[in-house]
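Since the structure comes first, as structure tokens, the remarks are kept for the end.
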Amino acid sequence: MYKAAKVNFKSIILKIKLFGLTKFSSGKRKKSEMELDVLVFGSSNIDYITYVNELPRPGETLFGMYREQCYGGKGASQCVAAAKLGGRCALVSKLGQDKLGDDYFEYLRELGINVDFVDRAEGKQTGLTEIIVADNTENAIIVMAGANECLKTPDVSRAKKVFKRAKVLICQLETDEKAALCALKQFKGESILNVSPVPKNMNVELIKAPTILCVNRLEAAQLTDREEIKTLQDAKAAANDLIDKGAKSVIITMGPLGAVHLSSKDREVCTQCPAAPVRFLADTSGAGEAFLGSLAYHMSMFPNLSRESHISAANICAAYAVGHRGTQPSFPGPELFQADLCHASPEFNVIPDKAPTPEQSVSELPPGAADPPAPEEDPKPEPPMDQDESHEPNKIEEQEKNERESIPA
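Read in order, the letters of the sequence shown correspond to residues 1 to 409 in full-length UniProt numbering.
In structure tokens form, the structure reads like this:
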């Protein structure tokens, strides 16, 4: 009797567990609540942006036209860029124990970003960024790390809850290098490292750790000991050098030339995704963060699409940001999430080893800078010329007509 009761009790418990699993655990709702599209481990700063006619030369004093304050920092900005598109995002960062930190924290929470691991650094001020933007959109940037200096390796372990839930991780180097490397190594999904700013004597493991190494042309030149990167062929050579250093794949943003992509899995094919059209060139200071946030979010939503598809979507968001002032205020909303990305063919060009002549290709020009040649049409008779010889054929035709009319029937 005891054994029978024990068996019945076990069967009841099993039924309860199965009922609970069926009712609560297998539903899509719980899965969506548990997953995060994008996790960002990095900096949070307050941006002070001053607009001038031109950047000052060393020792020169200039008048500014106006100044604005907005929320920034590469890490938080990349997270906000993804969240504004509609992503479920989390941020691991540090803010100061000051009014700026209080306001920033509330702002992030109002955007729906998971701020469980956005901590307040005791005795520190919130990080600051001074940005000077010229009329031609060139800029100069100075960062005061502040509380960001306190983001360390133990913060990765403390945030393991969100590390397990996220699909894509983004890191940058405005915070401690060792902490960023730890975050990249601990994360099991797709990861992106934005090597900005480029540290001196950077640990080569930072190049090897992420799924994607993303840099602009200046940073790519610094990492590969080049003076500059001007052409797509320069970018292709730099990308190959970074693959040689151990990178799994490389994206180099090239401004009006779009972005260059190279994967270690297929080094024979280096592609260029052209830049999206820009309606008005206003301010480039937030373009890189808009690109990265969009790249990560579209990767999380369409993991099986080609990298060129993800880059094309990111280019659209970067182009929007370039057309608006500020950093985070310039980011687009959910209307620019490319929901039909899986139904669209990405636009890209395979970069040849040697630059083609202008007669052969216009792939290095921004979209819309050159139109394709018009199709050939059937030749049409030209109007009479003003030169004297243009009248000669008419005289001959008139003479032949008179001769025909003079012949008797």
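We treat Cβ as the ideally placed atom computed from N, Cα and C, and that holds for glycine.
So is valine 92 in contact with chain D if we call contact Cβ pairs under 8 Å?
Within the model displayed, chain D is absent; a lone protein chain is all it includes.
Is it right to say histidine 310 is buried, meaning 16 or more other beta carbons lie within 10 angstroms of its own, or is it exposed?
buried
Beta-carbon contacts of alanine 339 that lie in its chain and below 8 Å, excluding the five residues immediately before and after:
none
Rounding to the nearest angstrom, what Cα-Cα distance links valine 80 and proline 58 in this structure?
35 Å
Which residues in the same chain have their Cβ closer than 7 Å to the Cβ of phenylalanine 337, if we skip the five residues on either side of it in sequence?
Leu85 and Gly86
beta-carbon leucine 181 near the ligand ATP non-hydrogen atom, thresh 7 Å
This structure lacks the ligand ATP; in fact it carries no ligand of any kind.
For serine 249, which residues does DSSP report across the bridge?
Ser263
Relative to the C-alpha of glycine 73, which candidate in Lys99, Ala282, Gly255 and Val40 has its C-alpha closest?
Val40
Could you tell me if serine 345 is buried or exposed, where buried requires 16 or more neighbouring beta carbons within 10 angstroms of its beta carbon?
exposed
Does the distance from the CB of valine 143 to the CB of leucine 36 come in under 8 Å?
no
To the nearest angstrom, how far is the alpha carbon of glutamine 222 from that of lysine 124?
31 Å
What residue from Gly101, Asn53 and Leu169 has the CA that sits closest to serine 294's CA?
Leu169
Run through the segment 203–248 for me and flag every whole alpha helix (DSSP H) of 4 or more residues, listed as ranges in chain order.
205–208, 217–223 and 232–244
Out of curiosity, what's the CA-to-CA distance linking lysine 200 and leucine 181?
15 Å
From the DSSP secondary-structure annotation, give me the bridge partner or partners of methionine 144.
Leu128
Is lysine 160 helix, strand or coil when you go by DSSP?
helix
Leaving aside the five residues before and after arginine 325 along the sequence, list all residues of the same chain whose C-beta is less than 7 Å from its C-beta, in chain order.
Ala282 and Asp283
Can you round the beta-carbon distance between valine 322 and valine 278 to whole angstroms, since I take them to be within the 8 Å contact cut?
5 Å
Contact between the segment 98–117 and the segment 213–231 (3+ Cβ pairs under 8 Å):
no
What's the gap between the Cα of threonine 137 and the Cα of glutamate 149?
29 Å
Could you check if cysteine 171 is buried or exposed, using at least 16 other CB atoms within 10 Å of its CB as the buried criterion?
buried
Report the rounded CA-to-CA distance for alanine 287 versus isoleucine 316, giving the unit in angstroms.
10 Å
On the three-state DSSP scale, how would you describe glycine 255?
helix
Contact between the segment 237–255 and the segment 202–210 is defined here as three or more beta-carbon pairs at a separation below 8 Å; is this criterion met?
yes
Could you check whether alanine 314 and phenylalanine 291 sit closer than 8 Å to each other, using their CB atoms as the reference points?
yes
CB-CB under 8 Å to aspartate 98, same chain, minus the five flanking residues each way: which ones, in chain order?
Gln125 and Thr126
Checking 8 Å against the spacing of the C-beta atoms, do alanine 296 and alanine 82 come in under that value?
yes
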